[in-house]
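Heads up: the structure comes next, in structure tokens.
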Amino acid sequence: MEKNYNFKFNLEEPDGDAIKKHMDFDALLGQFEQEQVPRKRQARLRRLTYAISAAAAALVLLLFVPGLFQKAALTPEDYFASQDFVNVPLPEMNITYEVKTVADAHRGGVIDYESGSRLVIPAAAFMNDRGKLIGGEVEIHYRELHDYIDFFVSGIPMAYDSLGMQRYLTSAGMVEVFAKQNGRRLRLAPGKAVQVELRSEVRVQDYFMLPNYYVYRLDTVKRSWEYQNIDMLQFAEEEEWEPGAATDSPQRRWQQELRWLEQDYELALQELQASNPVPAAPVPPRQAAGNRPTLELDFVNGELPLDPTSEIQAADLAYLHGGTIWEILPESPEVDSRAFKVEWQQVKLRRINPRQYELTLQHSQNEETLLVAPVLFGEDYQGALRQFEQAQAAYTAKVEVRERQISEARDSLQAMFAERKAALQESLSEELSSRPGPLRRKVINRFVVTNFGIWNCARPTSAPQTMTGVNYVLENGEAIENTTTYVVNETQNTIFRYLASSSAPLGIVADTDNLLWVVNGAGGISVARLDQPFLDGGDLVFKTVTPPVQNQSELRAALSFE
Amino acid sequence: MSEPQKTVSAAAMEAEWQEIQAAQQNPARFRPLYERYYEPIFRFVFRRMADSDLSADLCSQVFLKALQRLESYQFRGVPFSAWLFRIASNEVAQHYRQNSQKRTVSVEENTLGDVAEEMDIDGEIWQVEDLVNVLDTLKPAELELIELRFFEQRPFKVIAEILGITESNAKVKTYRILERLKKRLQGQKTK
Numbered sequence: 004m005e006k007n008y009n010f011k012f013n014l015e016e017p018d019g020d021a022i023k024k025h026m027d028f029d030a031l032l033g034q035f036e037q038e039q040v041p042r043k044r045q046a047r048l049r050r051l052t053y054a055i056s057a058a059a060a061a062l063v064l065l066l067f068v069p070g071l072f073q074k075a076a077l078t079p080e081d082y083f084a085s086q087d088f089v090n091v092p093l094p095e096m097n098i099t100y101e102v103k104t105v106a107d108a109h110r111g112g113v114i115d116y117e118s119g120s121r122l123v124i125p126a127a128a129f130m131n132d133r134g135k136l137i138g139g140e141v142e143i144h145y146r147e148l149h150d151y152i153d154f155f156v157s158g159i160p161m162a163y164d165s166l167g168m169q170r171y172l173t174s175a176g177m178v179e180v181f182a183k184q185n186g187r188r189l190r191l192a193p194g195k196a197v198q199v200e201l202r203s204e205v206r207v208q209d210y211f212m213l214p215n216y217y218v219y220r221l222d223t224v225k226r227s228w229e230y231q232n233i234d235m236l237q238f239a240e241e242e243e244w245e246p247g248a249a250t251d252s253p254q255r256r257w258q259q260e261l262r263w264l265e266q267d268y269e270l271a272l273q274e275l276q277a278s279n280p281v282p283a284a285p286v287p288p289r290q291a292a293g294n295r296p297t298l299e300l301d302f303v304n305g306e307l308p309l310d311p312t313s314e315i316q317a318a319d320l321a322y323l324h325g326g327t328i329w330e331i332l333p334e335s336p337e338v339d340s341r342a343f344k345v346e347w348q349q350v351k352l353r354r355i356n357p358r359q360y361e362l363t364l365q366h367s368q369n370e371e372t373l374l375v376a377p378v379l380f381g382e383d384y385q386g387a388l389r390q391f392e393q394a395q396a397a398y399t400a401k402v403e404v405r406e407r408q409i410s411e412a413r414d415s416l417q418a419m420f421a422e423r424k425a426a427l428q429e430s431l432s433e434e435l436s437s438r439p440g441p442l443r444r445k446v447i448n449r450f451v452v453t454n455f456g457i458w459n460c461a462r463p464t465s466a467p468q469t470m471t472g473v474n475y476v477l478e479n480g481e482a483i484e485n486t487t488t489y490v491v492n493e494t495q496n497t498i499f500r501y502l503a504s505s506s507a508p509l510g511i512v513a514d515t516d517n518l519l520w521v522v523n524g525a526g527g528i529s530v531a532r533l534d535q536p537f538l539d540g541g542d543l544v545f546k547t548v549t550p551p552v553q554n555q556s557e558l559r560a561a562l563s564f565e
Numbered sequence: 031m032s033e034p035q036k037t038v039s040a041a042a043m044e045a046e047w048q049e050i051q052a053a054q055q056n057p058a059r060f061r062p063l064y065e066r067y068y069e070p071i072f073r074f075v076f077r078r079m080a081d082s083d084l085s086a087d088l089c090s091q092v093f094l095k096a097l098q099r100l101e102s103y104q105f106r107g108v109p110f111s112a113w114l115f116r117i118a119s120n121e122v123a124q125h126y127r128q129n130s131q132k133r134t135v136s137v138e139e140n141t142l143g144d145v146a147e148e149m150d151i152d153g154e155i156w157q158v159e160d161l162v163n164v165l166d167t168l169k170p171a172e173l174e175l176i177e178l179r180f181f182e183q184r185p186f187k188v189i190a191e192i193l194g195i196t197e198s199n200a201k202v203k204t205y206r207i208l209e210r211l212k213k214r215l216q217g218q219k220t221k
């Protein structure tokens, strides 16, 4: 029967040298490069063929379909889709990264930044691009973006798709963080998260009311912001924030007054407690064990004098019931039986607790220390127990009365404190709201980073009302076409991007100043300021900033609202 | 049978991944990889061709295709050589398809013994001819699995990468083939 395969038994393979004779990498590389050129040519040819076909088709359409003679305008969707998602307009002015190191990735660490922000890196948090956990020194690259200038120069888009609705993110602060080792980017290990405390400043409606912000991560692959969590926001203490700040600011004054108010309140509470002291609780009598040695020592009547240096004096023992004797406790040091025969001259007593004492029997040549408890026998004990029960009932009643009195006074103090605090708040709010300009507060944004990249503490805001038919022109009358117009306003910490084209929509937020600019071909900036809504279309004239801005501070000055 | 020893350490794979990335940037940097793997690839092809010149031609094709596809190569935790063997395996298969020739299978008696041992027929009397007869009944893909595992002693992880299947699938398939071979062998004996 014919075989399906050609089985070769113990085939003799050529030796290494014979195989090496066939090797020729240069020839291989030459062949590879030669094949690359025709491939590129083929691709070009294909593109050319497509272009010719497309041109022919377009010509047919133009000739035979009426209304197609006009040039199709570029749509904003097509324009922005053709741009890089993170499109840095002026690379030389981009926000630089601050690089700090974690000495041992296995142990993690805490990194504090000059801005007051902090990163907490957990142990064993990094892995390489092949999923292997790594140790050793790791560089943390970090930068913060706070305002529209930062968002502009870093090219970060702020548009946000919320369930299919076009919205924008107004930011309370943004960070970009990533890690590197030996020049290679690392990933965060699964389940690991970097805790971020981002210090920033937000605009507030009410000085005392925390605004709501959320946390979003920029997904550069999906080209969108992705909601992650709630921003755990808190107000930063003013003095902690700016130690050198002016002391006469209303906020500072308020804090100082609040501190005094709190001190007054604490003091009043302490005085209240002191004016009505807690009554002394009666001590229950203890019955003698019956099988322990006892000492009959009467200190109260001065039968055996107490050493003047003794911690306890006769008056301190007044609570003891008649017939009290002292039982040597099991935990007492061993008692020498000869001690019972000695005539002790005086004693020292130290209270360990209301029911246990340290007794030191003293003689000019000797001293014996024991642990003892005051105890009673038989009738003495029963009588003492009855007295204790009466005293206990009286004590409970007194405590209840005191508690009632204290509680009423405490509630009244608390109400007074709250009232004074509210009045203080109100006066500060009034003072601040009467001042020109927005009310701002320093905050700490707390969130966790589970992937390296750009994270934004922000909240969505509606897209502005748009208009079309705006002609974008430079002051010399030259048209601005098919480039990005950046728009910001004084009330929202965001940046809107529109296509500069008369057929494309332009959004302007009413009731506030708007600032628009474009980056012209030479890397310069042309700016238009709108202090009222630009509702009727027409020409929008941009003035080119001269001389061209050279650095970020010049850019800030050029794009300032003032 | 013990696990084949043709494994590569993680550190070596790490170093190699850097070489690959360099070659992805600049094809001229492919040279060390070419020099390292030329001989193993040549031998792989030769065992399936039994012709030095033909093997050299196919080997050139293998490396040319590797260079052309290098840009898309992604590290998946197996040695780079597995990827090259996969290209080589495809080239060999394509050669036989185009030339309608019988595929060459190189066998050593001792490796044939490994197959028999794995089938648990060691104690029984078996002859090389019997085993070759049952191997001849296998489909090309099945025979290649046996060839890679027993005749070339490759780890399942690498076999999986060469054949484009999962490691567990490679194991399951291998043992099913062995079961089938055993039944056929026993069937032959009873005839």
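Keeping their order, the protein sequence lines are chains H and C.
Start counting the first sequence at 4; every next residue gets the next number (the numbering used here).
Start counting the second sequence at 31; every next residue gets the next number (the numbering used here).
For each residue, glycine too, the CB sits at the ideal point set by N, CA and C.
All values derive from a computational prediction rather than experimental measurement.
Cβ pair residue i, residue j closer than 8 angstroms
i                      : j                      : result
residue 357 of chain H : residue 286 of chain H : yes
residue 171 of chain H : residue 464 of chain H : yes
residue 190 of chain H : residue 130 of chain H : yes
residue 118 of chain C : residue 145 of chain C : no
residue 173 of chain H : residue 142 of chain H : no
residue 315 of chain H : residue 353 of chain H : yes
residue 161 of chain H : residue 498 of chain H : yes
residue 409 of chain H : residue 236 of chain H : no
residue 208 of chain C : residue 149 of chain C : yes
residue 375 of chain H : residue 365 of chain H : no
residue 527 of chain H : residue 551 of chain H : yes
residue 97 of chain H  : residue 91 of chain H  : yes
residue 509 of chain H : residue 532 of chain H : no
residue 234 of chain H : residue 455 of chain H : no
residue 108 of chain H : residue 139 of chain H : yes
residue 477 of chain H : residue 529 of chain H : yes
residue 487 of chain H : residue 512 of chain H : no
Own chain partners of residue i with C-beta closer than 7 angstroms, once the 5 adjacent residues on each side are dropped
i                      : result
residue 70 of chain H  : Because residue 70 of chain H sits at a pLDDT of 45, beneath the cut-off of 50, its placement in the model cannot be relied upon, and the point is left open.
residue 197 of chain C : 186, 187, 190
residue 368 of chain H : none
residue 564 of chain H : 493, 516, 518
Whole-Å CB distance - residue i paired with residue j, under 8 angstroms assumed
i                      : j                      : result
residue 516 of chain H : residue 554 of chain H : 25 angstroms between Cβ atoms; not a contact.
residue 124 of chain H : residue 137 of chain H : Incorrect: roughly 13 angstroms between the Cβ atoms, too far for contact.
residue 3 of chain H   : residue 169 of chain H : With chain H represented from 4 up to 565, any question about residue 3 of chain H goes unanswered, as that position is not in the structure.
residue 166 of chain H : residue 157 of chain H : Not a contact, Cβ separation roughly 27 angstroms.
residue 116 of chain H : residue 145 of chain H : 7 angstroms
residue 462 of chain H : residue 232 of chain H : Residue 462 of chain H to residue 232 of chain H, Cβ: 13 angstroms. No contact.
residue 1 of chain H   : residue 181 of chain C : The structure shown has nothing for residue 1 of chain H, since chain H only spans 4 to 565.
residue 165 of chain C : residue 178 of chain C : So it is not a contact: roughly 14 angstroms between Cβ atoms.
Cβ neighbours of residue i in the same chain (closer than 6 angstroms, five flanking residues each side left out)
i                      : result
residue 475 of chain H : 483, 503, 543
residue 206 of chain C : none
Beta-carbon proximity list for residue i, same chain, < 8 angstroms, skipping 5 on both sides
i                      : result
residue 282 of chain H : 398, 401, 402, 405
residue 188 of chain H : 132, 181, 182, 455
heavy atom of the ligand SAM below 7 angstroms from residue i C-beta
i                      : result
residue 322 of chain H : Absent from the structure shown: the ligand SAM. Ligands present: none.
Item checked: 3 or more residues per run - each beta strand (DSSP E) lying fully within the segment 418-465 of chain H -> 443-452, 456-465
Item checked: Stretch-stretch touch, CB-based, cutoff 8 angstroms, three pairs: the segment 337-347 of chain H with the segment 388-404 of chain H -> no
Note to self: When you compare the segment 129-142 of chain C with the segment 9-23 of chain H, are there three or more beta-carbon pairs, one atom per stretch, that lie closer than 8 angstroms?
What the structure shows: yes
Notebook entry, point to check: Hey, is the segment 105-112 of chain C in contact with the segment 183-194 of chain C, meaning 3+ C-beta pairs nearer than 8 angstroms?
Noted result: yes
Notebook entry, point to check: Is the segment 374-385 of chain H touching the segment 263-283 of chain H in the sense that three or more CB pairs, one from each, lie closer than 8 angstroms?
Noted result: no
Next item on the list: Examine the Cβ distances between the segment 422-437 of chain H and the segment 145-153 of chain H and report whether three or more of them are shorter than 8 angstroms.
Entry: no
Notebook entry, point to check: Hey, which unbroken runs of the beta strand (DSSP E) at 3 residues or more fall wholly within the segment 472-545 of chain H?
Noted result: 473-477, 487-492, 499-502, 517-522, 528-533
Next item on the list: Tell me, please, whether the segment 441-459 of chain H touches the segment 194-205 of chain H by the rule of three or more beta-carbon pairs shorter than 8 angstroms.
Entry: yes
Item checked: Inside the segment 337-368 of chain H only - alpha helix (DSSP H) runs reaching at least 4 residues -> none
Notebook entry, point to check: Counting pairs of beta carbons, one from the segment 87-97 of chain C and one from the segment 57-70 of chain C, are three or more of them closer than 8 angstroms?
Noted result: yes
Next item on the list: Could you name each continuous alpha helix (DSSP H) segment of 4 residues or more that falls completely within the segment 139-206 of chain C, going from the start of the chain to the end?
Entry: 139-148, 158-165, 170-176, 186-193
Item checked: Length-filtered (3 minimum) beta strand (DSSP E) runs lying within the segment 159-186 of chain H -> 162-165, 168-184
Next item on the list: Tell me the start and end of each unbroken beta strand (DSSP E) in the segment 194-230 of chain H that is at least 3 residues and wholly inside, in chain order.
Entry: 197-206, 217-222
Next item on the list: Can you check the segment 34-84 of chain C for any alpha helix (DSSP H) of at least 4 residues that lies completely inside it and give the ranges in chain order?
Entry: 40-55, 61-79
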